[in-house]
Amino acid sequence: MSNLVVWARRRTGLLALVFVLAIVVIAACTDSEGPTATSVPPTATSTTVAVAPTATQPAPTAPPAPEEDDAGAAVGVHSGGDLGDILVDADRMTLYIFDNDTEGVSNCSGGCLDAWPPFLSEGDPVAGDGVTAVVGTITRDDGTMQVTVNGFPAYYWQNDSAAGDTGGQARGNVWWVFNADGSPQRPAKVAAAENATLGSILVDGAGLTLYIFDNDTEGVSNCSGGCLGAWPPLLTDYGVVALGDITAELGTITRDDGTMQVTVNGFPAYYWQNDSA
1453 MSNLVVWARR RTGLLALVFV LAIVVIAACT DSEGPTATSV PPTATSTTVA
1503 VAPTATQPAP TAPPAPEEDD AGAAVGVHSG GDLGDILVDA DRMTLYIFDN
1553 DTEGVSNCSG GCLDAWPPFL SEGDPVAGDG VTAVVGTITR DDGTMQVTVN
1603 GFPAYYWQND SAAGDTGGQA RGNVWWVFNA DGSPQRPAKV AAAENATLGS
1653 ILVDGAGLTL YIFDNDTEGV SNCSGGCLGA WPPLLTDYGV VALGDITAEL
1703 GTITRDDGTM QVTVNGFPAY YWQNDSA
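Each residue of the sequence shown is one higher than the one before, starting from 1453 at the first, in this note's numbering.
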């Protein structure tokens, strides 16, 4: 770690930066057919004339019992928009994940639900073609069943009005569309934090410190092989966003393996393998 240093505030006014990655059934329908009634007329009896019995007439067949509609909500894939393949409901309305939720628990209530109505289902949800995520349900406090994607509750954005609309993407930097595999289209997050020893530093969305490598040059990472084992890069699939008041310029570079690494003022950002909080 001799040539890796934490970005710290310099006397020249340059903010030292350290940064981090955000992480962030079908009801059976029984065809019931009523039993066929048999009409048996009385046989007339006479001492001289025998009356033949009337032929048996089948009773009308009872109509099938109506099918109960308790099938679960459908989850499908919408393709062709700016965000690629994303998860939608049967009407092709976009579904979203909320960063403040935890697996199996919705933390959206009150006014939040006015803006972000939950995706509800009457039964077990059904994954359509192209959906590789695991879909399920949780029971909300009001007793309704909300659809989950890979365990996380799914919502709508109140202002989406047409199939494929994605107006809720990145709202407040906590709402994201689902990819077909259930992962969120969530960018890396970088925020400022106060360190008792180093002062103001940069961290990722989970609060992990970010580092710069002296052997790098602007726009180029020279950390590879064993170096990456000790200093994992801050990677992203969907760019990077700043949380709070950060004056540093955030960006990305493409590494030799094709992954995107976050940069701060042009220099690649890393974690230290032994940092845990």
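Idealized CB from N, CA, C, for every residue including glycine.
Nearest by alpha-carbon distance to residue 1691: which of 1716, 1684 and 1727 is it? As a working note, residue 1691 is residue 239 in the sequence shown. Ranking the options by Cα distance to residue 1691, first place goes to 1716.
Please state whether DSSP places residue 1687 in a helix, a strand or coil. Position 235 of the sequence shown holds residue 1687. Looking at residue 1687 - three-state DSSP - the assignment turns out to be strand.
Pull the bridge partners of residue 1604 from the DSSP assignment, please. Stepping through the sequence shown from its first residue, residue 1604 is reached at position 152. Residue 1604 pairs with 1601.
Give the list of continuous alpha helix (DSSP H) stretches no shorter than 4 residues that lie fully inside the region 1656 to 1684. 1678 to 1682
Cβ-Cβ distance between residue 1598 and residue 1570 below 9 Å: Position 146 of the sequence shown, counted from the start, is the residue given in the question as residue 1598. Position 118 of the sequence shown, counted from the start, is the residue given in the question as residue 1570. Cβ atoms of residue 1598 and residue 1570: closer than 9 Å.
Per DSSP, the bridge partner or partners of residue 1712: Your numbering for residue 1712 matches position 260 in the sequence shown. Per DSSP, 1688 and 1706.
Using 8 Å as the threshold, is the region 1661 to 1672 in touch with the region 1620 to 1631, meaning 3 or more CB pairs across them? no
Rounded Cβ spacing between residue 1706 and residue 1617 (contact assumed at less than 8 Å): Counted from its first residue, the sequence shown places residue 1706 at position 254. Counted from its first residue, the sequence shown places residue 1617 at position 165. That belief does not hold up - the Cβ atoms of residue 1706 and residue 1617 are roughly 30 Å apart, past 8 Å.
Restricting to Cα atoms, I'd like to know which of 1662, 1636 and 1693 is closest to residue 1535. As a working mapping, residue 1535 is identified with position 83 in the sequence shown. Checked all of 1662, 1636 and 1693; the closest Cα to residue 1535 is 1636.
In whole angstroms, what is the alpha-carbon distance linking residue 1435 and residue 1697? Outside the shown range of the chain (1453 to 1729) lies residue 1435, about which nothing can therefore be said.
Check whether the region 1649 to 1660 touches the region 1567 to 1581, taking contact to mean three or more Cβ pairs, one atom from each stretch, closer than 8 Å. no
Express the C-alpha separation of residue 1625 and residue 1560 in angstroms, rounding to a whole number. Walking along the sequence shown from the start, residue 1560 turns up at place 108. Walking along the sequence shown from the start, residue 1625 turns up at place 173. Using only the alpha carbons, I get a separation of about 15 Å.
How is residue 1567 classed by DSSP in three states: helix, strand or coil? Along the sequence shown, read from residue 1 onward, the residue named residue 1567 stands at position 115. Three-state result, residue 1567: helix.
Delimiting residues of the beta strand (DSSP E) encompassing residue 1549: In the sequence shown, the residue the question calls residue 1549 occupies position 97. Element bounds for residue 1549: 1548 to 1550.
Would residue 1524 be called buried (16 or more neighbouring beta carbons within 10 Å of its own) or exposed? Residue 1524 sits at position 72 when you count from the first residue of the sequence shown. Buried, because 16 or more other Cβ atoms sit within 10 Å of the Cβ of residue 1524.
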